[in-house]
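Novice: For the sequence shown, the working numbering gives the first residue as 80, with consecutive numbering after it. The C-beta atom is built at its ideal place from N, Cα and C for all residues, glycine as well. Given the structure is predicted, the values throughout are model-derived calculations rather than measurements. I have a structure I would like to understand better, so I am pasting it below and will then ask my questions one at a time.
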Amino acid sequence: KRIGMKAVFKNTGFDAIIAALLAKKCNAVISGMNDTPERRKQVAFVDYIRVGQSIMVKAGNPKHIGSVASLSGKSISVEVGTTNKDFLDAQSKVLQKAGKKAIKVVTFPKDTDAAAALKTGKVDAYFGDSPVVAYYIAKDPKSFGFAGQPVNPIPVGIAIRKGDPLIPKV
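Listed below in structure tokens is the structure:
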């Protein structure tokens with residue numbers, strides 16, 4: 080409203096949102112997108128927060144997960160196309176080089192499906208941006224809890240096409 084536009088929201092799979100922006104199917108991506116050097120090669124960002132990523136476990140932490148290192152040999156759900164997956168893949172390689180078991184990263188097309196996989200016991204934990212994890216826990220504290228401290232703080236921003244006059248307005 081402040082910039083003279085009306086917001087219309089279109090849900091798009093996370094792994095397709097940059098392509099949708101570049102194809103002019105939308106004017107901006109407002110989806111808790113982490114601002115990374117790889118993504119900056121394609122789009123511009125207006126950052127609004129810097130958050131870490133967190134591990135969510137079943138309430139009571141029955142698998143005794145307390146850190147990224149403790150994910151060795153366990154299955155972890157994430158949304159496809161996210162920096163959460165990239166981070167876990169990199170950490171899995173570090174663990175393997177140290178002689179430990181890999182992290183089994185299980186991807187889902189929607190974040191809600193990744194969280195549901197934990198609730199239904201299909202995975203040992205869920206990994207996502209800390210505010211998202213906090214939301215799931217607040218929504219269902221009898222099912223979920225935090226494991227360990229947030230890691231890997233990254234700026235989060237609104238993605239806009241490079242050179243778009245909307246950037247300074249946002």
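So valine 136 is in the alpha helix (DSSP H); what residue range does that whole segment cover?
Specialist: Where valine 136 is concerned, there is no enclosing alpha helix (DSSP H), although the beta strand (DSSP E) it sits in stretches over 122-137.
Novice: Which class does isoleucine 233 belong to by DSSP, given the choice of helix, strand or coil?
Specialist: Looking at isoleucine 233 - three-state DSSP - the assignment turns out to be strand.
Novice: Mark tyrosine 214 as exposed unless 16 or more other C-beta atoms lie within 10 angstroms of its C-beta, in which case mark it buried.
Specialist: The residue in question, tyrosine 214, is exposed, as its Cβ has fewer than 16 Cβ neighbours within 10 Å.
Novice: Only counting the same chain, and skipping five residues up and downstream in sequence, which positions put a Cβ closer than 6 Å to that of isoleucine 239?
Specialist: Correct list, in chain order: Ala107, Ala123, Leu245 and Ile246.
Novice: Note the first and the last residue of the continuous beta strand (DSSP E) segment covering asparagine 113.
Specialist: 108-113 is the span of the beta strand (DSSP E), which, as asked, contains asparagine 113.
Novice: With C-beta atoms as the reference, is valine 159 less than 9 Å away from serine 209?
Specialist: Taking 9 Å as the Cβ cut-off, valine 159 and serine 209 do not qualify as a contacting pair.
Novice: On the premise that lysine 142 lies in contact with alanine 204, defined as a C-beta separation below 8 Å, what is that separation, rounded to the nearest angstrom?
Specialist: 7 Å between Cβ atoms; contact.
Novice: Check for me: the alpha helix (DSSP H) holding serine 149 runs from which residue to which?
Specialist: No alpha helix (DSSP H) contains serine 149, which DSSP labels as neither H nor E.
Novice: Please name the residue or residues paired with arginine 240 in a DSSP beta bridge.
Specialist: For arginine 240, which the question treats as bridged, DSSP gives the partners Val122.
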